[in-house]
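Residue numbers (the working numbering), protein chains in the order written: chain B, 1 to 208; chain R, 1 to 394.
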């Protein structure tokens, strides 16, 4: 099985707690004989490609250097994430089984890859714009919410870290309960359970 | 074919360009799919003149600003086009993007399907703004640069734009191709046999000649130069000056006219429908294009197709469309004296006016007709596919 993980933070670029979480997961999955490719953002802390603990990491740069906000930065960066993922797909003879997307940033890339190449994706929800912006509804917040909504609609499965988050996701976006998997971080067998979810999506889901 | 506008959604020149180009390519035996923004009342999917048009949800929440909307709209455009190409069994040979407004969609589709991308640059941010002054403009400029970088071939509508785009983005010369914009002469031929006498009498007295300006009333279109030429022409010929179009300079221009005491000689019509515009172009004794910046100058071509003599400023695309004393009159840029000289020359010398009128019409039919433009474009597609077939993507 080959899986690509999209995360906007990955060591050594650490913004919050997501970076180390993803690294630990990636290394564990490799030990379970999954081919793991991480696509993340590169801000000159490391080389553009490296392999640590068997995890192949691709770091992309935004070709548009000047921005007027987070949204324009994220939306243009998505094209490079998408390009890196497409290159991985073609380099492994199209055997990419699933993409695991952490938070909303790279949802647009995952959606296009699903529509174009029939690769299903999992949306791993870390937090929601609803909570980050305390219910604000400016055009900026609405744009992020619309991307979160798109991700939840198009994803084969959602992984959330607590029952509270599952209930909140249901409350805000009306995602069907059975589409969401609660896997608390560092709980017993958490990486095994994530791997099972990957397998479920790959085998069970109709990718189209 | 990716475009942010397509009839009935018409914002600028890209919409008719993509329509006529796609239609003519379809006539040339190509299968053309147009993906564009939705429009109230227009169907999501339809077959128009041999091409298939898909209108997708163009992101209708309020957006922080125009550029952010463009990138959000591109998310949907890319998603829908990806699904369409997948449904077609990936049987798409090239993606053709029009302007930075569809840049990210075009770039994404290129890499996911590994098919060549072509870009037509209709204008540039650096040209529109006469320089890059703010981060907002710089971001758009960099997006344009990125699109031209990713494109296998970049198409521009005039030699002027080819050199402008080459300069603005530092592109190698062999990456650029010039394919002129076209004009549809048929719509003017239809109006040929109509009696326009009564229509004309609504705009001018029988003894007055008609001098016509068509364009947005913004600085770069030079309507103020036109107005300043009015008294200089009236000293030598009797004419009515008609200004078609709207823009932020309208109030300023009409108060200038009132101040000259010439309100009875200059008529502001505002925006008019296609039919009225074509009739006005047919009635005009001279059409004037006094632009200060002009990537192409489609209004000059339209006037030529309507068999009206043209007087244009010697700049940008206009310099190439018009050959002085052969297909029109060229005058100095931003110079009312020179402009008045050109207008007067055409108004007072009927034999001269008829000569340039005839030559111009012939030129339009030979060089700027859509079927020829489609053949040229198809030739570029074939050349690109030939190169592509030798690449490791094929």
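C-beta atoms are modelled at their ideal positions from N, C-alpha and C, and glycine is treated no differently. As the structure is a computational prediction, the values presented were derived from the model and not from experiment.
> Would residue 37 of chain R pass as a contact of residue 69 of chain R if the rule is Cβ separation under 8 Å?
Replying inline: Counting from 1 along the second chain, the entry for residue 37 of chain R is found at position 37. Counting from 1 along the second chain, the entry for residue 69 of chain R is found at position 69. With a cutoff of 8 Å on beta-carbon distance, residue 37 of chain R and residue 69 of chain R are scored as not near each other.
> Do we get a CB-CB distance below 8 Å when we pair residue 198 of chain B with the residues of chain R?
Replying inline: Numbered from 1 along the first chain, position 198 holds the residue referred to as residue 198 of chain B. Taking Cβ atoms only, chain R never reaches closer than 8 Å to residue 198 of chain B, which makes this a no.
> Going by C-alpha distance, which of B:40, B:33 and B:77 is nearest residue 18 of chain B?
Replying inline: The sequence position of residue 18 of chain B within the first chain is 18, counting from 1. Of B:40, B:33 and B:77, the smallest CA-CA separation from residue 18 of chain B is found for B:40.
> Between the segment 231-250 of chain R and the segment 182-198 of chain R, are three or more C-beta pairs nearer than 8 Å?
Replying inline: Not touching, per the Cβ criterion.
>> Please list, in chain order, the chain B residues whose beta carbon lies closer than 8 Å to that of residue 142 of chain R.
In response: As a first step, residue 142 of chain R must be located in the second chain, where it is residue number 142. By Cβ distance, chain B contributes 63, 64, 65 and 66.
>> Just list the residues that DSSP pairs residue 123 of chain B with in beta bridges.
In response: Position 123 of the first chain holds residue 123 of chain B. Under DSSP, residue 123 of chain B takes part in a beta bridge, and its partners are B:101 and B:158.
> Which parts of the segment 6-45 of chain R are runs of the alpha helix (DSSP H), unbroken and 4 residues or longer, counting only runs that do not cross its ends?
Replying inline: The qualifying runs are 14-27.
> Taking the alpha carbon of residue 319 of chain R as the point to measure from, which residue in R:308, R:307 and R:332 has its own alpha carbon closest?
Replying inline: Mapped onto the second chain, residue 319 of chain R falls at position 319. Comparing Cα positions, the closest option is R:332.
> Checking contacts by CB at 8 Å: is residue 166 of chain R closer than that to chain A?
Replying inline: In the structure shown, chain A cannot be found, because the protein chains are B and R.
> Between which two residues does the alpha helix (DSSP H) carrying residue 417 of chain R extend?
Replying inline: Chain R is shown from 1 up to 394; residue 417 of chain R falls before or after that span and cannot be answered.
>> I'd like the list of long-range same chain contacts for residue 206 of chain B, defined as Cβ closer than 7 Å, with 5 residues on each side in sequence excluded.
In response: Mapped onto the first chain, residue 206 of chain B falls at position 206. With a pLDDT of only 48 at residue 206 of chain B, under 50, the local geometry of the prediction cannot be trusted, and the value read off the model is given with reservation. Excluding positions up to five away in sequence, the list is empty.
> Taking the C-alpha atoms as reference points, what is the distance between residue 11 of chain B and residue 182 of chain B?
Replying inline: Locating residue 11 of chain B in the first chain gives position 11, counting from the first residue. Locating residue 182 of chain B in the first chain gives position 182, counting from the first residue. Their backbone Cα atoms lie some 25 Å apart in a straight line.
> If residue 64 of chain R sits next to residue 71 of chain B, beta carbons under 8 Å apart, how far is it from one beta carbon to the other, in whole angstroms?
Replying inline: What you label residue 64 of chain R is simply residue 64 of the second chain in a count that begins at 1. What you label residue 71 of chain B is simply residue 71 of the first chain in a count that begins at 1. That pair is a contact at about 7 Å.
> Any idea which residues DSSP pairs residue 56 of chain R with across the strands?
Replying inline: Position 56 of the second chain holds residue 56 of chain R. In DSSP, residue 56 of chain R forms a bridge with R:37.
> Candidates B:32, B:163, B:46 and B:171: which alpha carbon is nearest residue 3 of chain B's?
Replying inline: As a position in the first chain, residue 3 of chain B is number 3, starting the count at 1. For residue 3 of chain B, the closest of B:32, B:163, B:46 and B:171 by C-alpha to C-alpha distance is B:32.
> From the beta carbon of residue 170 of chain R, is the nearest beta carbon of chain B less than 8 Å away?
Replying inline: Start at 1 with the first residue of the second chain, and residue 170 of chain R comes out as number 170. No, no contact with chain B.
> So, are the CB atoms of residue 102 of chain B and residue 187 of chain B less than 8 Å apart?
Replying inline: Counting from 1 along the first chain, the entry for residue 102 of chain B is found at position 102. Counting from 1 along the first chain, the entry for residue 187 of chain B is found at position 187. In this structure, residue 187 of chain B does not lie closer than 8 Å to residue 102 of chain B by Cβ.
> Would you call residue 142 of chain R buried or exposed, if buried means 16 or more other Cβ atoms sit within 10 Å of its Cβ?
Replying inline: Looking up residue 142 of chain R in the second chain gives position 142. Its Cβ being crowded by 16 or more others within 10 Å, residue 142 of chain R is buried.
> Taking Cβ-Cβ distances shorter than 7 Å, what residues in chain B pair up with residue 271 of chain R?
Replying inline: What you label residue 271 of chain R is simply residue 271 of the second chain in a count that begins at 1. Per Cβ cutoff of 7 Å: no residues; residue 271 of chain R is ~29 Å from chain B at best.
> Where in the segment 274-353 of chain R do unbroken runs of the alpha helix (DSSP H), each at least 4 residues long, occur, reported from the N-terminal end onward?
Replying inline: Correct list: 274-283, 298-305, 316-321 and 336-348.
>> Within a Cβ cutoff of 8 Å, which residues of the same chain sit near residue 125 of chain R, ignoring the five residues on either side of it in sequence?
In response: By one-based count along the second chain, residue 125 of chain R stands at place 125. Taken in chain order, the residues that qualify are 100, 132, 137, 140, 141 and 144.
>> Mapping the DSSP letters down to three states, classify residue 137 of chain R as helix, strand or coil.
In response: By 1-based counting over the second chain, the position of residue 137 of chain R is 137. Reduced to three states, the DSSP call for residue 137 of chain R is helix.
>> Using a Cβ-Cβ distance cut-off of 8 Å, determine whether residue 168 of chain B contacts chain R.
In response: Counting from one through the first chain, the residue named residue 168 of chain B turns up at place 168. Closer than 8 Å: no.
>> Counting only C-beta atoms, is residue 115 of chain B closer than 8 Å to chain R at any point?
In response: The sequence position of residue 115 of chain B within the first chain is 115, counting from 1. It does: the Cβ of residue 115 of chain B has a partner Cβ on chain R nearer than 8 Å.
> Which value, in whole angstroms, describes the spacing of the CA atoms of residue 178 of chain R and residue 369 of chain R?
Replying inline: The residue labelled residue 178 of chain R in the question sits at position 178 within the second chain. The residue labelled residue 369 of chain R in the question sits at position 369 within the second chain. Residue 178 of chain R and residue 369 of chain R: Cα-Cα distance of roughly 15 Å.
> So, using beta-carbon positions, are residue 309 of chain R and residue 225 of chain R closer together than 8 Å?
Replying inline: Residue 309 of chain R sits at position 309 when you count from the first residue of the second chain. Residue 225 of chain R sits at position 225 when you count from the first residue of the second chain. The Cβ atoms of residue 309 of chain R and residue 225 of chain R do not sit closer than 8 Å to each other.
> In chain order, what residues of the same chain lie with their CB nearer than 6 Å to the CB of residue 374 of chain R, ignoring the 5 residues before and after it?
Replying inline: Reading the second chain from its first residue, position 374 is the one you call residue 374 of chain R. Result list for residue 374 of chain R: 24, 25 and 28, in chain order.
> If contact means a Cβ-Cβ distance below 8 Å, which residues of the segment 44-73 of chain R contact chain B?
Replying inline: Hits within the stretch, in order: 59, 61, 62, 63, 64, 65, 67, 68, 71 and 72.
>> If contacts are defined as beta-carbon pairs under 8 Å, then residue 151 of chain B and residue 104 of chain B qualify, I think. What distance do you get, rounded to the angstrom?
In response: As a first step, residue 151 of chain B must be located in the first chain, where it is residue number 151. As a first step, residue 104 of chain B must be located in the first chain, where it is residue number 104. Contact flag correct, Cβ pair sits at about 6 Å.
> Secondary structure at residue 202 of chain R, three-state DSSP: helix, strand or coil?
Replying inline: Stepping through the second chain from its first residue, residue 202 of chain R is reached at position 202. Three-state DSSP puts residue 202 of chain R in coil, outside helix and strand.
> In its own chain, which residues sit with a C-beta less than 7 Å from the C-beta of residue 87 of chain R, not counting the 5 before and 5 after it?
Replying inline: Your numbering for residue 87 of chain R matches position 87 in the second chain. Result list for residue 87 of chain R: empty, nothing under 7 Å.
> So, does the CB of residue 91 of chain R fall closer than 8 Å to a CB anywhere in chain B?
Replying inline: Mapped onto the second chain, residue 91 of chain R falls at position 91. Nearest CB-CB separation between residue 91 of chain R and chain B: not below the 8 Å threshold.
> In chain B, which residues lie with their C-beta within 9 Å of the C-beta of residue 119 of chain R?
Replying inline: As a first step, residue 119 of chain R must be located in the second chain, where it is residue number 119. Listed along chain B, no residue sits closer than 9 Å to residue 119 of chain R by beta-carbon distance, the nearest being about 14 Å off.
>> For residue 322 of chain R, which residues in the same chain have their Cβ closer than 7 Å to its Cβ, ignoring the five residues on either side in sequence?
In response: As a working mapping, residue 322 of chain R is identified with position 322 in the second chain. The answer, listed in chain order, is 300, 310, 312, 328 and 330.
> Start and end of the beta strand (DSSP E) containing residue 239 of chain R?
Replying inline: Counted from its first residue, the second chain places residue 239 of chain R at position 239. Note, residue 239 of chain R: beta strand (DSSP E), 239-244.
> Short check: CB of residue 51 of chain R to CB of residue 32 of chain R, under 8 Å?
Replying inline: Counting from one through the second chain, the residue named residue 51 of chain R turns up at place 51. Counting from one through the second chain, the residue named residue 32 of chain R turns up at place 32. For the 8 Å CB-CB criterion, residue 51 of chain R and residue 32 of chain R form a contact.
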